[in-house]
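Colleague:
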Amino acid sequence: MRLLALNNAYQSYENNQVLYAKKEELPLLLYTGAIKFILQARMAMEKNDWQRANDRIQRAQKIVTELMVTLNMDIEISKSFIVLYDYMKEKLIEANIKKDEQLLIEVEKMLTELQDTWKEALKIVRPA
2 MRLLALNNAY
12 QSYENNQVLY
22 AKKEELPLLL
32 YTGAIKFILQ
42 ARMAMEKNDW
52 QRANDRIQRA
62 QKIVTELMVT
72 LNMDIEISKS
82 FIVLYDYMKE
92 KLIEANIKKD
102 EQLLIEVEKM
112 LTELQDTWKE
122 ALKIVRPA
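Just remember that this note's numbering sits 1 ahead of the position in the sequence shown, which is counted from 1.
Laid out in structure tokens, this is it:
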């Protein structure tokens with residue numbers, strides 16, 4: 002019972018973090034969430050827990066979809082990002098169907114690069 006309460010408290014904290022994040026921090030939080038779900042999916046695959054792997058991959062897909070729909074297509078670079086996100090989403094679907102951890106690793110690496118780049122960009126925009 003206590004573990005359930007802790008999980009609920011942590012989930013509330015994560016939800017509030019997204020709800021109250023500054024606009025420029027939101028992509029970073031989304032990248033972090035997608036990476037977390039991919040790592041969880043990989044761990045589930047290692048245990049042959051296909052239901053959990055499926056759930057976690059679908060959560061990562063939803064985050065990538067959110068990244069896609071929130072792009073401002075009036076900005077030129079968004080056209081490159083939509084192609085990249087679409088590729089990631091396709092690889093996540095393929096990984097889920099084929100139960101292929103290597104495809105998850107590929108998407109995880111891409112998201113980690115974007116996450117690192119976004120962190121650096123935030124440092125430039127908001128110096129410490």
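Ideal Cβ positions, reconstructed from N, Cα and C, are used throughout, including at glycine.
Starting from Lys23, trace the alpha helix (DSSP H) in both directions and tell me its first and last residue.
Modeller: From DSSP, Lys23 is part of no alpha helix (DSSP H); its letter is neither H nor E.
Colleague: One question on the structure: do Ile64 and Leu72 come within less than 7 Å of each other, judged by their Cβ atoms?
Modeller: No.
Colleague: Return helix, strand or coil for Ile76, following the three-state DSSP convention.
Modeller: Correct three-state label for Ile76: coil.
Colleague: In angstroms with no decimal places, state the Cα-to-Cα distance between Leu115 and Tyr32.
Modeller: So the two alpha carbons sit approximately 7 Å from each other.
Colleague: I'd like the list of long-range same chain contacts for Met46, defined as Cβ closer than 8 Å, with 5 residues on each side in sequence excluded.
Modeller: Contacts found: Ala54, Lys100, Glu102 and Leu105.
Colleague: Whole angstroms are fine: how far does the CA of Tyr86 sit from the CA of Leu68?
Modeller: Near 7 Å, if we compare the C-alpha coordinates of Tyr86 and Leu68.
Colleague: In whole angstroms, what is the alpha-carbon distance linking Asn49 and Glu107?
Modeller: When rounded, the distance between both Cα atoms is 20 Å.
Colleague: Under a Cβ-count criterion, where at least 16 other Cβ atoms within 10 Å of its own Cβ denotes burial, should Ala96 be classed as buried or exposed?
Modeller: Classification of Ala96: buried, given that the 10 Å Cβ count is 16 or more.
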